[in-house]
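Numbering (my numbering), first residue to last: 64 to 224.
Scroll down for the structure; my scribbles are underneath it.
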């Protein structure tokens, strides 16, 4: 299951990429679930199936790499449990952005909604805030990662001249 040509750091980078993609799927899944409050009952039932499909997609995307990482940790093939890499730094930075976005959404919701929640249940607001936080982490991760790829290509062009 673990290929010898794939280092622990490469596997962990792949794992973090899959986790970020998984967070994006979860954010969209929560968004789909929140849409159910605004559509007719039949459409809401169809959206439940869409959400179930997204859950299956989440497992397909994350589970194989998760199993590889856990097997590697279980076998203790390396003394370093979390390798240091640029991707790890990007993920940590994206997590901080997600936390900040979540806090801003909580403060905004408190000001906008106030003590009277109205017709929407509390569950709706929790899903919106969680989905927004997950979306912020995923977008921040992919934007920073793309920015790092652009920086590397610029450096490659300089070296070639």
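Each residue gets a CB set at the ideal place from its N, CA and C atoms; glycine is no exception.
Predicted model, so just to flag it, every value in this text is computed and none were measured.
- Residue 112 and residue 77 have their C-alpha atoms spaced approximately 29 Å apart.
- By the Cβ-count criterion, residue 136 is exposed, with fewer than 16 other Cβ atoms from all chains shown falling within 10 Å of its own Cβ.
- Taking the Cα positions, residue 80 is about 14 Å away from residue 89.
- In the three-state reduction of the DSSP assignment, residue 186 falls in the helix class.
- DSSP places residue 211 within a helical segment (H, G or I) once states are collapsed to three.
- Taken in chain order, the complete beta strand (DSSP E) segments of 3 or more residues contained in the region 90-131 number zero; there are none.
- Residue 100 counts as exposed, since fewer than 16 other C-beta atoms from the protein chains shown sit within 10 angstroms of its C-beta.
- From the listed residues 207, 91 and 87, the smallest Cα separation to residue 152 is found for 207.
- Proximity of the region 118-125 to the region 156-167 falls short of the contact definition, fewer than three beta-carbon pairs being nearer than 8 Å.
- Taking the Cα positions, residue 109 is about 11 Å away from residue 96.
- Listed in chain order, the non-local C-beta contacts of residue 149 below 8 Å within the same chain comprise 211, local neighbours out to five positions each way being set aside.
- Between residue 131 and residue 74, the C-beta spacing is below 8 Å.
- Closest by C-alpha distance to residue 85, out of 172, 129 and 174, is 129.
- Apart from the 5 residues on each side of it in sequence, residue 82 sits with its Cβ closer than 8 Å to the Cβ of 125 and 154 in its chain, given in chain order.
- Taken through DSSP and simplified to helix, strand or coil, residue 148 comes out as coil.
- At least 8 Å separates the beta-carbon of residue 187 from that of residue 176.
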